[in-house]
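**Q** Submitted below is the structure of interest, expressed as structure tokens.
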Amino acid sequence: MSHKIAAVCLLMSCLIASAYSAAKVPISIYYESLCPDSAKFITEQVYPAVKGELRDVVELTFVPFGKSQFVTQGSEVTFTCHHGPNECYGNKVHACAIEHIQANSYQVEYTRESLTMDFINCLMKAGKNFPDNVYPGQRCASENHINNWENIKTCANSTEGSVLLRKAGESTMRLKEPLTSVPTILFNEQFDKKVNDRAQVNLVGTICQYVSAPQPRICNQHNGASTPSLASAN
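Heads up: the sequence shown runs through residues -21 to -1, 1 to 213, numbered per mature numbering (1 follows the signal peptide of the UniProt record, and there is no 0).
Structure representation (structure tokens):
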């Protein structure tokens, strides 16, 4: 009888875990690699939030394009970026990293998502001024357990990088509300200006308004906010 109870409990635990996983809040971040506001948001809001208690309740999508533009001529794609050619290269590095970073079986403490977040955070912290004009990709890779920087660099300097950046551009241009500011944040694939503005100064509190019970403990600090729950919004 005890074995049956244990089996039922195990099944219920799996169902609860599965439901909790399925309830992750989709967050899409449209940003630029050399944009100061993007850097501030990712390093001061996104990184602390997802490296803490909220890491298991959010599903992040990074779209590194922003206000860039591109023109296709035959097989060639030419990009014009908001903060100049260096940003075009940076956007390609981000796009290639998002595509190619993988977790290794011997690094069980890291996931693909956590490695990507660490790498992007490091790049954004570097800002626009690079010591000796050296792009910080290799440094950020070595500091954050990214073992395939050469693959990422090759991608960024090849047609693949252009294809991935074009895809980011196409995703940006498909937004129902045309992008007017960077960064732009979507919850549940929906843009709401008030939510976007709130997220940029209090991402944790904004995420908690979308998270169904049981909420992470950190959300208790935000339960007194006057804004109603958004868990069932959109």
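All C-beta atoms, glycine included, are put in the ideal place defined by N, C-alpha and C.
For T57, count neighbouring C-beta atoms within 10 Å of its own C-beta (all shown protein chains included) and say buried if the count is 16 or more, exposed if not.
**A** exposed
**Q** Given this structure, state the Cα-to-Cα distance separating R118 from G63, to the nearest angstrom.
**A** 22 Å
**Q** For V174, name the three-state secondary structure that DSSP assigns.
**A** helix
**Q** Does the structure place the segment 126 to 137 close enough to the segment 29 to 45 that three or more beta carbon pairs sit under 8 Å?
**A** no
**Q** Taking the alpha helix (DSSP H) that R165 falls in, what are its first and last residues?
**A** Rather than Arg, the amino acid found at residue 165 in this sequence is Leu. From DSSP, L165 is part of no alpha helix (DSSP H) but of the beta strand (DSSP E) over 163 to 166.
**Q** So Y10 is in the beta strand (DSSP E); what residue range does that whole segment cover?
**A** 4 to 10
**Q** Which whole-angstrom value is the C-beta distance of D16 and V161, which I expect to be below 8 Å?
**A** 6 Å
**Q** Would the beta-carbon of S12 fall within 8 Å of that of E78?
**A** No, the Cβ-Cβ distance between S12 and E78 is not below 8 Å.
**Q** Pull up the distance between the alpha-carbon of Y85 and that of H124, whole angstroms please.
**A** 12 Å
**Q** I'd like the list of long-range same chain contacts for H201, defined as Cβ closer than 6 Å, with 5 residues on each side in sequence excluded.
**A** G184, C187
**Q** Using a Cβ-Cβ cutoff of less than 7 Å, which residues in the same chain neighbour E122 once the five nearest sequence positions on both sides are dropped?
**A** Result list for E122: C101, in chain order.
**Q** In three-state terms, what does DSSP make of Q194?
**A** coil
**Q** The alpha helix (DSSP H) spanning residue 237 covers which residue range?
**A** No statement about residue 237 is possible, as the shown extent of the chain runs from -21 to 213 and does not include it.
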